[in-house]
Amino acid sequence: MSPRSVFVTGGNRGIGLAVARAFAAQGDRVAVSYRTGESPEGFLGVQCDVTETDSLDAAFGKIEAEQGPVDVLVANAGIMRDKLTLAMSDEDFTGLLDTNLVGPFRCARRAIPGMLEKRWGRLLFISSFSGMLGSPGQANYAASKTGLTGLARSLARELGKRGITANVVAPGFIDTDMVATVSPRRRQEYLSMTALGRPGRPEEVANVVRFLAGQDASFVTGAFIPVSGGLGMGI
Ligand code: NDP
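Count the sequence shown with UniProt numbering and you get residues 1 to 235, in order.
Here it is as structure tokens:
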């Protein structure tokens with residue numbers, strides 16, 4: 001299957017960029033989406049917002065024209081909008097879900113026809129340990145991340161007989177821009193719950209995503225794989 005056509009949403013920085021680099025390093029053709037700024041060097045950059053179906057459709061069109069239909073989709077783009085539930089507006093909740101849950105659904109729906117044609121595909125959803133544990137101030141975020149498991153497992157059942165797998169990767173506390181604003185006290189709390197006693201690196205998540213997209217993971221579908229240094233283990 002190599003080189004494959006890979007699409008990583010939110011691949012311009014953080015975990016997404018590490019994932020894009022991991023696929024490129026093994027010779028795959030990799031497209032990354034970016035909303036703002038520039039696309040990183042060495043990838044096919046597609047500007048799009050996962051909350052906008054038309055913008056996603058145009059991005060997929062460009063990828064199909066330049067590197068072929070998407071064989072591997074990594075639905076990674078995500079945001080945090082933390083607030084206590086009593087202070088959380090409808091828009092705080094639904095707006096976040098639109099990016100973190102409906103966005104991956106839109107991407108998968110657009111990618112599936114090409115995968116069905118090849119009778120091969122890999123759908124990967126980047127969830128979070130918050131989706132397993134729940135998290136104070138993150139009712140919107142945790143709900144969106146738990147929702148990805150229901151989405152992936154439904155897709156696994158719908159598409160398994162057509163050679164398409166769907167899996168969820170749940171990172172623990174990983175040093176990226178997203179967690180740069182977490183207070184030192186909260187950061188310490190997360191690290192004290194992490195068996196390895198340190199934050200993860202984006203590359204450590206990327207290695208697992210790459211494995212799940214490869215032939216060695218051909219019998220893995222509907223799985224929820226924590227990459228968390230032991231944060232949340234036993235749940
Ligand atoms: P970053 O904040 O570093 O990157 C987020 C990425 O998502 C950016 O590329 C951003 O694009 C993109 N993005 C956000 N909203 C949209 C949108 N509407 N349309 C398209 N792209 C969008 O986050 P991380 O790399 O840390 O996180 C990546 C994923 O991993 C997220 O889903 C996050 O929830 C999850 N995760 C992260 C953890 C961590 O500790 N870091 C822990 C558990 C899960 P742009 O640059 O243009 O804004």
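Note that the Cβ used here is the ideal one computed from N, Cα and C, for glycine as well.
Can you determine whether any heavy atom of ligand 1 sits closer than 7 angstroms to the C-beta of residue i, and answer yes or no?
i: ARG201; result: no
i: PRO136; result: no
i: PRO69; result: no
i: PHE219; result: no
i: ALA223; result: no
i: ALA77; result: yes
i: ASP54; result: no
i: MET88; result: no
i: CYS48; result: yes
i: ASN12; result: yes
i: ASP57; result: no
i: SER128; result: yes
i: PHE105; result: no
i: SER33; result: yes
i: THR149; result: no
i: PHE43; result: no
i: PRO184; result: no
i: ASP82; result: no
i: MET178; result: yes
i: PHE173; result: yes
Based on the DSSP secondary-structure assignment, which residues constitute the bridge partners of residue i?
i: GLY45; result: VAL32
i: VAL72; result: VAL6, ARG122
i: VAL227; result: PRO171
i: THR165; result: ARG122
i: GLY78; result: DSSP lists no partner for GLY78.
i: GLY200; result: ILE174
From residue i to residue j, what distance separates their C-alpha atoms?
i: GLY16; j: ALA111; result: 18 angstroms
i: ASP92; j: LEU84; result: 11 angstroms
i: ASP54; j: ALA24; result: 27 angstroms
i: THR149; j: ALA65; result: 31 angstroms
i: GLY147; j: ARG81; result: 17 angstroms
i: THR51; j: GLY95; result: 9 angstroms
i: ARG187; j: LEU116; result: 43 angstroms
i: GLY230; j: GLU41; result: 34 angstroms
i: ASN100; j: ALA143; result: 10 angstroms
i: ALA87; j: LEU124; result: 32 angstroms
i: TYR190; j: SER128; result: 13 angstroms
i: THR9; j: GLY45; result: 10 angstroms
i: PRO136; j: GLY160; result: 36 angstroms
i: ASP90; j: ARG35; result: 24 angstroms
i: ALA18; j: ILE174; result: 12 angstroms
Report, in whole angstroms, the separation of the C-beta atoms of residue i and residue j, which I expect to be a contact under 8 angstroms.
i: ARG122; j: GLN67; result: Not really, about 15 angstroms apart at Cβ, beyond 8 angstroms.
i: ALA108; j: ALA75; result: 7 angstroms
i: VAL227; j: VAL208; result: 5 angstroms
i: ILE225; j: VAL182; result: In fact, because the Cβ distance is near 23 angstroms, the residues do not count as touching under 8 angstroms.
i: ASN167; j: LEU196; result: Not confirmed; about 22 angstroms, so no contact.
i: VAL72; j: ARG4; result: 6 angstroms
i: PHE105; j: LEU133; result: Not a contact, Cβ separation roughly 23 angstroms.
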